[in-house]
Amino acid sequence: MIKLSGISKYLDKKFQRTFILRSIDLEIEQGEFVSIMGPSGAGKSTLLNILGFLDEPNDGEYYFLDEPVHNLSERQKSEYHKSHIGFVFQAYHLIDELTVYENIEMPLLYRKVKGKERKSLVADMLDKFNIVAKKDLFPNQLSGGQQQVVGVARALIGNPKLILADEPTGNLHSEQSEYIMQLFKQLNQEEGVTIIQVTHSDAMAAYGNRVINLQDGAIVTKNPY
Amino acid sequence: MIKNYLKIALRNFKANKFYTVINIFGLSIGLTCFVLIVLFVSDEMSYDTFHENHEQIYFIGVERKFGGDFKKSRITQYPLGRTAVDEVSGIENYVTITPPNPARVSLDNKDFLSGVGSIASSPGFFTLFGFPLKVGNPSVVLQDPGTVVITEKIAEQYFPNENPIGKTLFIDRYGIAEYTITGIAENGKKNSYLDFDLVFSIQGLSSTKSNLNSWGSSMYNTFAKLQNGVERTQIESVANEAFDTHLGEARAPNTNYFFVPISELYLSDLITPTGFKGSYVYIYIFMSIALFILVLANINYMNLSTARGMQRGREVGVRKVLGANKRQLIKQFLGESVILSLFSLIVAFTIATLVLPGFNQFFDKSLSLNLDENYWLILALISITIGLGALSGLYPAVFLSGFKTSEVLKGRPSNTIGGVSLRKILVVFQFSISTVLIVGTIVVLTQLDYLLNKDLGFEKEHTLYISFDSISNKSAFIDKIESHQAVISTSHSNGIPGRFYFSTSQEFDSQRPDVQFAAHVIATDEKFYETLSLQLLAGRYFEEGRSDDQKDAIVINEAMQKRMNWLSADEAIGQKLSTGDEVIGVVKDFHFRTLRTEITPVIINSIHTPSSSFSGGEVLVVRFLPDQMQDLIPYIQSTWNEIVSGSPMEYGFLDEQMDKLFETDKKLGTVFSFFAGIGILISCMGLLGLTAFSAELRTKEIGIRKVLGATVTNIVSLLSTDFLRLVAIGFTIAIPFSWYIMNKWLSDFAYRIDIGIGIFLLAGGAALLVSGLTTSWQSIKAATMNPVKSLKNE
C-alpha cells in the first residue's frame, strides 16, 4: 500500500544542512497496524505528515497504492484526503464552532454526500461510538477522551483505507488511552483498516503488529529507549 | 455545505463579538454614508431624464461677449425658437418660456398669495415635455392667450370641491392679469429645471408683444426638439449661421449659441447651484468622501480578519485534511465577508432611513428610501455591497486558505503572522485618508472664520432692509421711519451689498476705446454712505439739495478708479467717464458680493437723477440701535400697513443677507467635520482591534517582560509605538495631498487664508492624540494584567 524509497527531508540554513529525515526506505502492507516510535525530534511527525501528503519530502519517492505521490496535484491530493486517508490528532483538532454531529458530518460535506445518506451515516457513527447523547454538544463541553472519540469517528466516517494518528493518546489519561487503542485494534482486525500511529508509549505500541523505530531521522532496528 | 458555512460564519461572529462589532459598526457607518450620498447623487443626475425622448430635447444656451470676456447665459431672445424651427432643418419643435420663478396668485384679485412656481410658455409646453395632464388636451391647453394650466395641488388649494376648468385665476408675474384655466397637470416633478405650480400662456403678455420680433432683448429660455437621429453637432453651426442673420451687430464672434441636452441642463454651468445642488463639484466631493469612508471600513475588515488568521488557521488545517481544496476554502471565507457586508447593509438601510429626514433638510432634498420608488437603486446598492464584501474578503480568503496544513495543525503561528507588511500599509493608508479629512475640515473652518470675520468695508450689523419696489408714498414712509428713536439713519437705494442687480459693460475710458469692462451700477440717496459706514477716500458723497448731483455726477469705488488707470483716488476727482459722468467721490472698496470673487468696479448714481431708469431691487436700508430692535420692527410693520398697505412687507437683516452668501461653505464645513469624525472613528476602531489582537498575541511576552522588571509604561510604549509610527507615516504622506486638494478648494476664493504649518500641526496632533488614546487603552489593559495569570495560561 505504501512504498517509500530514499525519502529525505532537510532544512538548509546558510552553510549547514539539517536532516529531519535521512533516506527512509519503508513498505507498509494493507491491513497492518504500525507504530512509529522514537525520541522527540527523531522525525516521527514529519514522516507521518509526508505519509499523509501534508508535507513534501526534499528527496526520494513515495508510492501510495502504486501511485507516485510526488506527481500528484494539489487537487488529487485533496481527493485522496477525502476518500482514502483519515487523520487523528493529538490535539483532536475538532472545529470549536461546530457541534459533535456537525464535526463528524463535515468530511461528508466535502464529498458531496446527499443529505439523507449523510444523516444515516452520521447516526451510525454516533451509535457505533456510543455518543448519540452528546451529538449537540460543542467540543469544549466534552472531556479530552470524548473529544478524541469524536476525532476518530470523524476520521472513520469517510470509510478510509488508511488512518494516520499523530500521538492520538498523548493528551489522554490511561483509561481513555486504552479505550481509543481498543477501538483502533478492533477497526484494524474487523474492518481491515490500515493504521499508522506515532507514539511514545510501549504500551500503546503493543496494540499494533509492527514497530518502526526512528532516531535522528533514520530507521533503526533497536528500540532506542 | 452552504448551511455549514453559514453556521460557522454566524458562530464565529458570535464567538468574537469584539471584532464582529468593530467590523459591522465600521461597515454599517461606511455604507450608511454611501447609501445616502448615492441617493443624493442619483437624484442630482436624474434631473429632466423623465421626459419621453429626452435625448432629443435640447436647451439653447448662449455665450456673449461681456466686458471683454465670454459669459454663458441661459437667457435668450423670443424669436430664437421659432427661427430655429423655421430656418434650421433637423429641428422639429420648440418651446419658449420665461424662466421658472415665483408669481403671486389670487382668486379674486385681492388676497394674493406669493411663492407660486410659475412659467409662462408658448403652446408646445405639454406636448414637448413629459408632464402628463389630468384634464385637458396637451396640444390645445396653452393655444390661446390668457390660458393657464394648473397642477393638482393648486386645483385643490383654490377649487377644493369644484371643477376648475373654465374658472379664472389672477396671476401677478408681469403685472396682474386674469387667466382662464384650461387644463390640470399632475403635480410638478421636483427633479426638473421646469419646476412649476402653474404654466400660463406667454402670448398675452405685453412683453411678448414688444419682443415678438426683437433680437435685442433677452429674457426667455428656449428649448428645441431635434428630429429623431439628428445629432447636436450637425445642428449647432447651422443654427448659429441662421441666428447670425438676425443678430446684426451682436452676431459672431460676439455671440455663440450652443445646444445642451435637457438632462444635462441642471448640472451645467448655465444654472447657478443652490447650496450643494446642481453642481458637479459637490457630486465629486461627496462621492469621493463616501468612497473613502467605505474603503476605511473595508480595510478594517481585511486587517482584522488577516490578523486573526492564527485563530482560523487550525480550522483551515482541519478542513484541508478532511478533503477541502483551496477553492472551497476561499469560497467559504468570501461567503463570510459577503454575509457580514450584507448584514451591515441592512443596518445601514435602517440608520439611513432614520437619519433621512435630517439629511433631506440639510441638503434641501426630498429623497426617500422606498423599495418601490428606488427599486433599481436599492438593487444596485445590494450588488455593490456584495461586490465590496467579496473584494475585501478576497485577500483574507486567499491568505487564510494558503496556510500550510502541517504547520497550523501544530499550532505554530509562524506564517500566520505574515501579511504584517500589507496590514501596516493599509493602516498607513487609513490614517492618510483620515488626515486629509481632518486637514480639510480645519481648512474649511478656518477659511469660513476668516470670511465671516473679515472687514467687509461696511457695517453689516444692526442694519435691516425693506423691499421698496413698486410702492407709492415712499417719502412719507421714510419720514415716518426716521422719526423713530431707534433709527440712526436710513437710505433709499436700489442695491445693498449682496444684492447688486445691475451691471453694464462698455468702454468707460474714451482714451482707450478698445478696452471694455463691466461695472456694477447702483443708485442711492445721500445717506447711503453714512448708513452703511462706507469710507470715503477722496472727494465727497452726494449731498442733499445739490441739484448738480442729480445729473452726471457719480461716486466710484477704488476698483473702478484702478480699472480706469487713475493713479490715486484724489486724481480721480473731476475726471469724466466716456458716458459723460463726472467723478465726485471715491469710496474705499467694500465687499458687495461673495468673497469668492475680487471686488469689481462699482459706479454709484444719485437716486434722484431723473434719468436713472432703474426698476426693481429698490430697498430702504435702516440702521438702528440694537437694544431697541424689539420696538422697531412692530413699528415699521404698522407704519407699512398704515401708509403702504396692499402688498405685504418684506424685510431682512443685512448681516443675515451677507451670511447667506457663505451658507453653502458653512454647510461644507459641517459635512467635512462630520465625515472627518467618522473617518477617524472608523480608523481608530480598526486600530483598537489591531492593538487588542497584538496584545493578545504577545500576552506571554508581556508577562515575561513584567516578571523581568518592565514597568507598565515600558509595556504600553512597546505596544503603542509600532502603531503610532504608522499613524505618523500616514500623516506625513497625507500632507502634500491635503495641501494640494485644499489649495485647489481655496483657489475659488479671491480672499483666502494661507494653509500654514499650524494647520498641519493641529491635524497631526489630533490624529496622533486620538490614535494614541485608542492604542493605549488596549495596551494598558494588557500591561496591567497579572503576569502570573498570563504565563499560566500558556
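Going down the list, the protein sequences come from chains U and W. Take 1 as the starting number for the first sequence in the numbering used here and just add one per residue. Take 1001 as the starting number for the second sequence in the numbering used here and just add one per residue. Just so it is clear, CB atoms sit at the ideal spot from N, CA and C, and this is done for glycine as well.
For residue i, go through chain W and note every residue whose CB falls closer than 9 Å to its CB, in chain order.
| i | result |
| --- | --- |
| D273 of chain U | There is simply no residue 273 of chain U to check, as chain U begins at 1 and stops at 225 in what is shown. |
Please classify residue i as buried or exposed, where buried requires at least 16 other C-beta atoms within 10 Å of its C-beta.
| i | result |
| --- | --- |
| I1554 of chain W | buried |
| V1788 of chain W | exposed |
| M1001 of chain W | exposed |
| E1186 of chain W | exposed |
| Q16 of chain U | exposed |
| M1453 of chain W | The amino acid occupying residue 1453 of chain W in the given sequence is Asn; Met does not appear at that position. Exposed, because fewer than 16 other Cβ atoms sit within 10 Å of the Cβ of N1453 of chain W. |
| Q1778 of chain W | buried |
| V1712 of chain W | exposed |
| D989 of chain W | Since the first residue of chain W shown is 1001 and the last is 1794, residue 989 of chain W is not available in this structure. |
| A1750 of chain W | exposed |
| E1544 of chain W | exposed |
| E1249 of chain W | exposed |
| T1416 of chain W | Interpretation of T1416 of chain W is limited by its pLDDT of 45, a score under 50 that renders its predicted location unreliable; no figure is taken from the coordinates. |
| R1725 of chain W | exposed |
| M1564 of chain W | buried |
| K44 of chain U | buried |
| H1591 of chain W | buried |
| S1414 of chain W | The predicted position of S1414 of chain W is uncertain, since its pLDDT is 46 and thus under 50; no value can be drawn from it. |
| N1213 of chain W | exposed |
| Y207 of chain U | buried |
| M37 of chain U | buried |
| T18 of chain U | exposed |
| H173 of chain U | exposed |
| L1388 of chain W | buried |
Between which two residues does the beta strand (DSSP E) harbouring residue i extend?
| i | result |
| --- | --- |
| P1102 of chain W | 1101 to 1106 |
| T1151 of chain W | 1147 to 1151 |
| I1184 of chain W | 1176 to 1185 |
| Q197 of chain U | 194 to 198 |
| Q141 of chain U | Where Q141 of chain U is concerned, there is no enclosing beta strand (DSSP E), given that its DSSP letter is neither H nor E. |
| T1168 of chain W | 1168 to 1172 |
| T1597 of chain W | No beta strand (DSSP E) holds T1597 of chain W; DSSP gives it neither H nor E. |
| Y1465 of chain W | 1463 to 1467 |
Give me the Cβ distance between residue i and residue j, rounded to the nearest whole Å; I'm assuming they're in contact under 8 Å.
| i | j | result |
| --- | --- | --- |
| G1275 of chain W | F1403 of chain W | About 53 Å separates the two Cβ atoms, so there is no contact after all. |
| Q1056 of chain W | L1226 of chain W | 5 Å |
| T1784 of chain W | L1687 of chain W | Contact flag wrong, Cβ pair sits at about 20 Å. |
| I1119 of chain W | A1155 of chain W | At roughly 17 Å, the Cβ-Cβ gap does not stay under 8 Å, so I1119 of chain W and A1155 of chain W are not in contact. |
| L1537 of chain W | V1583 of chain W | The pair is not a contact, with the Cβ atoms about 11 Å apart (cut-off 8 Å). |
| R1314 of chain W | V1408 of chain W | 6 Å |
| M1 of chain U | I28 of chain U | 6 Å |
Can you pull the chain U residues whose beta carbon is under 9 Å from the beta carbon of residue i, in chain order?
| i | result |
| --- | --- |
| K1331 of chain W | Within 9 Å Cβ-Cβ: nothing; K1331 of chain W doesn't reach chain U, min ~12 Å. |
What first and last residue would you give for the alpha helix (DSSP H) that runs through residue i?
| i | result |
| --- | --- |
| I1330 of chain W | 1326 to 1363 |
| D1086 of chain W | 1079 to 1087 |
| P1396 of chain W | 1375 to 1401 |
| G151 of chain U | 144 to 157 |
| E175 of chain U | 174 to 190 |
| K1209 of chain W | 1206 to 1211 |
| G1689 of chain W | 1663 to 1697 |
| F1013 of chain W | 1002 to 1015 |
Which bits of chain U does residue i rub up against, with CB to CB less than 7 Å?
| i | result |
| --- | --- |
| A1015 of chain W | E97 |
| S1406 of chain W | N49, L54, D55 |
| T1409 of chain W | Per the sequence presented here, residue 1409 of chain W reads as Leu, with Thr not at that position. Result: F89, H93. |
Can you pull the chain W residues whose beta carbon is under 8 Å from the beta carbon of residue i, in chain order?
| i | result |
| --- | --- |
| R75 of chain U | N1325 |
| K82 of chain U | L1322, G1323 |
| E102 of chain U | N1004, K1007 |
| S78 of chain U | K1320, G1323, A1324, N1325 |
Which bits of chain W does residue i rub up against, with CB to CB less than 7 Å?
| i | result |
| --- | --- |
| F87 of chain U | V1321 |
| L109 of chain U | M1001, N1004 |
message: If the cut-off is 8 Å on Cβ atoms, which residues from the segment 1303 to 1329 of chain W count as contacting chain U, listed in chain order?
response: R1314, E1315, G1317, V1318, R1319, K1320, V1321, L1322, G1323, A1324, N1325, K1326, Q1328
| request: Could you please tell me which residues of the segment 1002 to 1013 of chain W, in chain order, have their CB closer than 8 Å to any CB of chain U? | output: N1004, K1007, I1008, R1011, N1012
Interfacial residues, the segment 12 to 26 of chain U to chain W, with Cβ spacing under 7 Å: none
**Message:** By the 7 Å beta-carbon criterion, what residues does the segment 113 to 139 of chain U contribute toward chain W?
**Reply:** none
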